[in-house]
Amino acid sequence: MKQRLYQLTELDVARLEKHAEHNPRFQTMLDTLLERADIVQPDAIKSNVVTMNSQITLLDEASKEQATWTIVYPDAANLELGRLNVFSPVGMALLGTQRGQLVKVLQPSGAEKLMKVAAIVFQPEANGEYTR
């Protein structure tokens with residue numbers, strides 16, 4: 015059994031499964047994440063965990079550059095507005111991680127970049143928003 019590295023809410027998982035059910039690539043990505051995740055009630059998720067619709071600040075460990083993104087479902091994704099598709103390699107790598115955690119992110123070039131979840135600016139569950 016693999017070590018549980020991620021924490022996801024039941025509501026996020028249900029919505030992610032809905033988005034993935036007709037897209038084999040999304041389903042494979044989600045299945046891989048779920049193999050290593052603990053699923054909890056939305057009101058039980060820790061405030062330092064990246065959930066859907068969380069706004070987070072990432073720190074590039076090499077360049078020390080920061081970027082702030084919101085993790086969103088595919089239909090709300092817009093890179094110009096800082097909305098990162100959860101089913102992108104970066105989005106899937108970040109979902110369920112904790113503040114301070116280092117994440118290897120696969121770049122479009124195929125190179126890996128080491129990013130740190132520097133801050134969770136906003137997490138819906140921490141603000142009592144369990145249906146967002």
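If you want our numbering, it's the position in the sequence shown, counting the first as 1, plus 14.
A virtual CB, placed ideally from N, CA and C, is assigned to each residue, including glycine.
Cβ neighbour criterion (16 or more within 10 Å) applied to residue i
| i | result |
| --- | --- |
| GLY105 | buried |
| MET15 | Because MET15 sits at a pLDDT of 46, beneath the cut-off of 50, its placement in the model cannot be relied upon, and the point is left open. |
| GLU49 | exposed |
| GLU143 | exposed |
| GLU139 | buried |
| LEU128 | exposed |
| LEU47 | buried |
Host alpha helix (DSSP H) of residue i (start-end)
| i | result |
| --- | --- |
| GLU31 | 24–34 |
| MET43 | 38–48 |
| LEU109 | Unbroken run through LEU109: none, as it is neither H nor E. |
Cβ separation of residue i and residue j, assumed to be a contact under 8 Å, to the nearest whole Å
| i | j | result |
| --- | --- | --- |
| LEU108 | ILE70 | 7 Å |
Residue range of the beta strand (DSSP E) that includes residue i
| i | result |
| --- | --- |
| ALA51 | 51–54 |
| ALA132 | 126–136 |
| VAL64 | Note, VAL64: premise wrong, no beta strand (DSSP E); not H, not E. |
| GLN121 | Taken as a continuous stretch (DSSP letters only), GLN121 belongs to no beta strand (DSSP E), as it is neither H nor E. |
| ASN99 | 97–99 |
| ALA81 | 80–86 |
Proximal residues to residue i (C-beta, below 7 Å), its chain only, five neighbours per side dropped
| i | result |
| --- | --- |
| ALA51 | ARG18, TYR20, GLN21, LEU22, GLY110 |
| MET43 | PHE101, MET106 |
| PHE40 | HIS33, ALA34, PHE101 |
Beta-carbon proximity list for residue i, same chain, < 8 Å, skipping 5 on both sides
| i | result |
| --- | --- |
| VAL29 | Correcting the residue type first, residue 29 is Arg in the shown sequence and not Val. Excluding sequence neighbours, ARG29 sits near MET66, TYR87. |
| THR82 | GLN69, ILE70, THR71, LEU72, GLY96, VAL135 |
| GLU126 | LYS118, VAL119, LEU120 |
| ALA76 | LYS127, LEU128 |
Neighbourhood of residue i by C-beta, 6 Å cutoff - its chain only, sequence neighbours within 5 removed
| i | result |
| --- | --- |
| ASN99 | PRO88, ALA91, GLY105 |
| GLN112 | ASN62, VAL63 |
Any C-beta of chain D under 8 Å from that of residue i
| i | result |
| --- | --- |
| GLY96 | No chain D is present in this structure, which holds just one protein chain. |
Would you call the region 47–55 and the region 16–35 touching, i.e. three or more CB-CB distances under 8 Å?
yes
Touching by the beta-carbon criterion (3+ pairs, under 8 Å), the region 61–68 and the region 131–142
yes
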